[in-house]
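Asks: Order-wise, the sequence lines are chains Y and H.
Sequence positions in the first sequence follow the numbering used here and run 1 to 456.
Sequence positions in the second sequence follow the numbering used here and run 1001 to 1177.
Quick reminder that beta carbons are idealized off the backbone N, C-alpha and C, glycines included.
I'd like to ask you about the structure that follows.
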Amino acid sequence: MSDALTQLLIYKNLGTVLFDEQLQIVEADKRAQELFVSIGQRVHKGQLLDFFPELIGSEEYIKQIVRQKENDFRLDFVNRAIDDERAAFFNLLVLPAQKKNHGLLVLENVTDQAVAEQESNQQRYELFLYKRDPEFRKQFLSESILGKSEAIERIRETIQKLSKFPSATVLLMGETGSGKNLAARVLHYSSMSADAPIVEINCAALPEHLIESELFGYEKGAFTHAVTSKRGLLEEARGGTLFLDEIGEMSANMQAKLLNALETKQFRRLGSTKPIETDLRIIAATNRHLQNEVDAKRFREDLYYRLNVVSITMPPLRELGTDIMIISEYLLKLFNVEFKKNVKGFTEEARQLILGYAWPGNVRELSNCLERAMIFADHERLDAAELVISGKQAQQGKQSAQQWVVPPGGIVLEEVERQLILSALEQSGNNKSKAARLLGLTRDTLRYRLDKYQLS
Amino acid sequence: MASVKKKICLIGSFAVGKTSLIQRYVYDRFDEKYLTTIGVKISQKALPPITDSNDGQMIQHTFLIWDIAGLEKFDSVVANYFRGAAGALIVADLTRQETIEHLSPLYDRFASASPDAAVIVLGNKLDIFKEDKQTLAALKAKAADFKSELMFTSAMTGEGVEQAFLKLSQKIGCRSE
């Protein structure tokens, strides 16, 4: 082999196996040995076909290459199992060797390339199935609600059951950021064909007159700026779903108009006398306790019962136990792609911090926290110090013990206690009774500690 | 006892169930989750020994079963996948008629690389097939074009899988008829 070719093979990390006309291995170079060791095998002298059964059936053709009567023989992405879970991929290229009546098998490890191609093909196939197969769509969507906890399993089951009733009205309840929007979309896409529309309106984001024209549409000239007619969302959602987010914020006047449209299954555009039939599913969502709103006369009881045919309450993140880590790992993957990073996970301290914090803003807050951490992350694993958790929690005064994490360098407990007392005094304007309350101590105990740390 | 290895190819469009058929035949298992195959993976299955009718010697045949990724383009490397095969199972998904239409270019390519190989056409996913005459007629026409037998299989339930490989082994002389 020429020096230049040898250099090229080293540079490209290609292994070579020299063999003779009887397909007996003469020599395997160091890189070929290493490639095979990486998959738990060893190449040594013996029959080429025993190590490369992929060449069986092509023996005569390979012998022709050895005799320099054919140019080459190539097999791409030959798959070799490393264990039950993992595989390595090789490209095999047989060439005539410089040495007379010998052949050269060139080996290239293309596992990374194969894995990337596998992922790309997999996504293409899943997209194909998603469009074509309603059952796959249901399964795929159901898995997009992450978690293994009982609460999440119950949500999945309920959505699965509801998907068989595409006209049933559903009320989604739960704290802000708990995934009501995701649940609405999963429910819609599990129940309807892939091209059925889902139309969303946030009732808290628009003033009353705009919600009305958005929902019902209008005719040209219906009001000053109505220069053309416009279809409302009730029309746009025909054959699909109208998702009314933050329904608890809707004004009493609009509640009455919406109720009328739902009960009569028809409505009129603003400025029109012609009724239009509705043919859609309503999914409404709120972070308010609607029954309480009804009791307080802020939400119409009749609309509440009309919407509350089936209700789903999304659990807050703090009730999901270790599902929080499943969601965190998922978000980490997303931010790895978005920020082109390769953060592999969380340190134990970060894990404890995530699991111990109450996440009042739920997944939205968790996502923001991880996004911020990922922007600055430059280690293999995110550490607790990189997770900036909102100060809001501390103000709530109900921090769980799990939230306090000892940093890897350790602490001086008495110094921490001293600092906490100083902080409480500062917050209370030096009022010892208030400071004692902030610390969960009696006034006498606080006085004792003030003396102990010479703070009095 | 003499030992003979025979190369068998499974070919067909993506997601027709080639990998599942091999998993069922070689390991008697089925995985619901679909993972696209990249390149080629070889599995081995030893067949029961037979006696050579010429010299009375016992022969142990082993199938080297090539699971070849659903191919969208053909080049010289693909011809190498098919080269030297003793037989092939050409697989269509009974629930996707387009996979039947894709059989002809695959067969042509295979036959030009291994002209003497035995071929059987398989209609797979029998367990979820809602019988329709158009699909059956299309598949029968393909099998007739290729002068091959047509068999029906379900990798999921195992129905017809062993029989398909058995039939192929008979056609290539690894088993007595």
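Are any of the Cβ atoms in chain H nearer than 8 Å to that of Y:Phe89?
Replies: For the purposes of this step, residue 89 of chain Y is taken as the residue at position 89 of the first sequence. With 8 Å as the cut-off, Y:Phe89 counts as an interface residue toward chain H.
Asks: Less than 8 Å separating the beta-carbons of Y:Gly380 and Y:Lys341?
Replies: Your numbering for residue 380 of chain Y matches position 380 in the first sequence. Your numbering for residue 341 of chain Y matches position 341 in the first sequence. According to the sequence shown, residue 380 of chain Y is Glu rather than Gly. Pairing Y:Glu380 with Y:Lys341 gives a Cβ-Cβ distance that is not under 8 Å.
Asks: When you compare only the Cα positions, how much space is there between H:Gly1070 and H:Ile1042?
Replies: By one-based count along the second sequence, residue 1070 of chain H stands at place 70. By one-based count along the second sequence, residue 1042 of chain H stands at place 42. Rounded to whole angstroms, H:Gly1070 to H:Ile1042 spans 15 Å at the Cα level.
Asks: Have a look at Y:Ile389, Y:Glu236 and Y:Asn336 and flag the residue whose alpha-carbon is nearest the alpha-carbon of Y:Ala358.
Replies: Residue mapping note: residue 358 of chain Y aligns to position 358 of the first sequence, counting from 1. Of the listed residues, the one whose Cα sits closest to Y:Ala358 is Y:Ile389.
Asks: For H:Phe1030, decide whether its Cβ has a neighbour in chain Y, counting only Cβ atoms nearer than 8 Å.
Replies: Indexing the second sequence from 1 puts residue 1030 of chain H at position 30. No - not a single Cβ of chain Y is within 8 Å of the one on H:Phe1030.
Asks: Looking at H:Ala1138 and H:Gln1097, is the spacing between their C-beta atoms short of 8 Å?
Replies: If you number the second sequence from 1, residue 1097 of chain H lands on position 97. If you number the second sequence from 1, residue 1138 of chain H lands on position 138. Contact: yes.
Asks: Can you pull out the residues from the stretch 1071-1103 of chain H whose beta carbon lies closer than 8 Å to at least one beta carbon of chain Y?
Replies: Closer than 8 Å at the C-beta level to chain Y, one finds these residues of the stretch 1071-1103 of chain H: Ser1076, Val1077, Asn1080, Tyr1081, Arg1083, Gly1084, Ala1085 and Ala1086.
Asks: Would you tell me roughly how many angstroms separate the C-alpha atoms of Y:Gln393 and Y:Asn368, rounded to the nearest one?
Replies: One-based indexing of the first sequence puts residue 393 of chain Y at position 393. One-based indexing of the first sequence puts residue 368 of chain Y at position 368. Because Y:Gln393 carries a pLDDT of 46, less than 50, the predicted location of this residue cannot be relied on, and no value is offered for it.
Asks: Buried or exposed for Y:Ser40, going by 16 or more other Cβ atoms inside 10 Å?
Replies: By one-based count along the first sequence, residue 40 of chain Y stands at place 40. Here residue 40 of chain Y turns out to be Gly, not Ser, going by the sequence shown. Exposed.
Asks: For the stretch 198-209 of chain Y against the stretch 232-245 of chain Y, do three or more pairs of beta-carbon atoms, one drawn from each stretch, fall closer than 8 Å, so that the two count as touching?
Replies: yes
Asks: Residues of chain H with a CB under 8 Å from the CB of Y:Ser58: which are they?
Replies: Within the first sequence, the letter at position 58 stands for residue 58 of chain Y. Within chain H, the residues near Y:Ser58 are Asn1080, Arg1083 and Gly1084.
Asks: Out of Y:Arg372, Y:Arg447, Y:Pro407 and Y:Gly271, which has the shortest C-alpha to C-alpha gap to Y:Ser229?
Replies: Your numbering for residue 229 of chain Y matches position 229 in the first sequence. Y:Ser229 has its Cα closest to that of Y:Gly271, out of Y:Arg372, Y:Arg447, Y:Pro407 and Y:Gly271.
Asks: Buried or exposed for Y:Val363, going by 16 or more other Cβ atoms inside 10 Å?
Replies: Your numbering for residue 363 of chain Y matches position 363 in the first sequence. With 16 or more Cβ atoms within 10 Å of its Cβ, Y:Val363 is classed as buried.
Asks: Y:Gly103 lies in the beta strand (DSSP E); which residues open and close that run?
Replies: Here residue 103 of chain Y refers to the residue found at position 103 when the first sequence is read from its first residue. Counting along the chain, the beta strand (DSSP E) containing Y:Gly103 begins and ends at His102 to Asn109.
Asks: Would you call the stretch 113-132 of chain Y in contact with the stretch 145-156 of chain Y, where contact means no fewer than 3 C-beta pairs closer than 8 Å?
Replies: no
Asks: Around the Cβ of Y:Val269, are there at least 16 other Cβ atoms within 10 angstroms (buried) or fewer (exposed)?
Replies: Along the first sequence, one-based indexing puts residue 269 of chain Y at 269. In the sequence on display, residue 269 of chain Y carries Arg and not Val. Buried is the call here.
Asks: When the Cα atoms are used, what is the spatial distance from H:Cys1178 to Y:Lys100?
Replies: This structure cannot speak to residue 1178 of chain H, because chain H is shown only from 1001 to 1177.
Asks: Is it buried or exposed, H:Pro1105, if we count other Cβ atoms within 10 angstroms and call 16 or more buried?
Replies: Here residue 1105 of chain H refers to the residue found at position 105 when the second sequence is read from its first residue. H:Pro1105 is exposed by the Cβ-count criterion.
Asks: Compute the Euclidean distance between the alpha carbons of H:Leu1126 and H:Ala1144, then round it to the nearest angstrom.
Replies: For this step, residue 1126 of chain H is matched to residue 126 along the second sequence. For this step, residue 1144 of chain H is matched to residue 144 along the second sequence. Those two C-alpha atoms are separated by around 20 Å.
Asks: Do Y:Ser144 and Y:Leu187 have their beta-carbon atoms positioned less than 8 Å apart in this structure?
Replies: Residue mapping note: residue 187 of chain Y aligns to position 187 of the first sequence, counting from 1. Residue mapping note: residue 144 of chain Y aligns to position 144 of the first sequence, counting from 1. No, they are not a contact pair.
Asks: Per DSSP, what kind of secondary structure is Y:Pro275 in: helix, strand or coil?
Replies: Your numbering for residue 275 of chain Y matches position 275 in the first sequence. Y:Pro275: strand per DSSP, three-state reduction.
Asks: Give the range of the beta strand (DSSP E) segment to which Y:Phe243 is assigned.
Replies: Walking along the first sequence from the start, residue 243 of chain Y turns up at place 243. Counting along the chain, the beta strand (DSSP E) containing Y:Phe243 begins and ends at Thr241 to Asp245.
Asks: Should Y:Pro407 be labelled buried (16 or more other beta-carbon atoms within 10 Å of its own) or exposed?
Replies: Walking along the first sequence from the start, residue 407 of chain Y turns up at place 407. Label assigned to Y:Pro407: exposed.
Asks: Is the beta carbon of Y:Gln122 closer than 8 Å to that of H:Leu1035?
Replies: The sequence position of residue 1035 of chain H within the second sequence is 35, counting from 1. The sequence position of residue 122 of chain Y within the first sequence is 122, counting from 1. Yes. Within cutoff.
Asks: When burial is assigned at 16 or more other CB atoms within 10 Å of the CB, is Y:Val416 buried or exposed?
Replies: For this step, residue 416 of chain Y is matched to residue 416 along the first sequence. Classification of Y:Val416: exposed, given that the 10 Å Cβ count is below 16.
Asks: Tell me which same chain residues have a C-beta within less than 6 Å of the C-beta of H:Lys1005, skipping the five on either side of it?
Replies: Residue mapping note: residue 1005 of chain H aligns to position 5 of the second sequence, counting from 1. Closer than 6 Å at the Cβ level, and outside the excluded window around H:Lys1005, lie Thr1062 and Leu1064.
Asks: For Y:Glu461, which residues in the same chain have their Cβ closer than 7 Å to its Cβ, ignoring the five residues on either side in sequence?
Replies: Chain Y is shown from 1 up to 456; residue 461 of chain Y falls before or after that span and cannot be answered.
Asks: Give a yes or no on whether the C-beta atoms belonging to Y:Leu366 and Y:Ile327 are separated by under 8 Å.
Replies: As a working mapping, residue 366 of chain Y is identified with position 366 in the first sequence. As a working mapping, residue 327 of chain Y is identified with position 327 in the first sequence. In contact: Y:Leu366 and Y:Ile327 (Cβ atoms closer than 8 Å).
Asks: Give the list of continuous alpha helix (DSSP H) stretches no shorter than 4 residues that lie fully inside the stretch 268-317 of chain Y.
Replies: Unbroken alpha helix (DSSP H) stretches of 4 residues or longer found wholly inside the stretch 268-317 of chain Y: 290-295 and 301-307, given in chain order.
Asks: Alpha carbon to alpha carbon, how far is H:Ala1015 from Y:Leu48? Give it in angstroms, no decimals.
Replies: As a first step, residue 48 of chain Y must be located in the first sequence, where it is residue number 48. As a first step, residue 1015 of chain H must be located in the second sequence, where it is residue number 15. So the alpha carbons of these two residues sit roughly 33 Å apart.
Asks: First and last residue of the alpha helix (DSSP H) that includes H:Ile1022?
Replies: Taking the first residue of the second sequence as position 1, residue 1022 of chain H is located at position 22. Element bounds for H:Ile1022: Lys1018 to Ile1022.
Asks: When the Cα atoms are used, what is the spatial distance from Y:Phe376 to Y:Gly356?
Replies: Taking the first residue of the first sequence as position 1, residue 376 of chain Y is located at position 376. Taking the first residue of the first sequence as position 1, residue 356 of chain Y is located at position 356. If you take the alpha carbons of Y:Phe376 and Y:Gly356, they lie about 23 Å apart.
Asks: Tell me which residues of the stretch 112-125 of chain Y have at least one Cβ-Cβ distance to chain H shorter than 7 Å, keeping chain order.
Replies: Per Cβ criterion, the list reads Ala114, Glu117, Gln118, Asn121, Gln122 and Tyr125.
Asks: Residues of chain Y with a CB under 8 Å from the CB of H:Val1119: which are they?
Replies: For the purposes of this step, residue 1119 of chain H is taken as the residue at position 119 of the second sequence. The contact set of H:Val1119 on chain Y, defined by CB atoms closer than 8 Å, is empty, because the minimum CB distance reaches about 15 Å.
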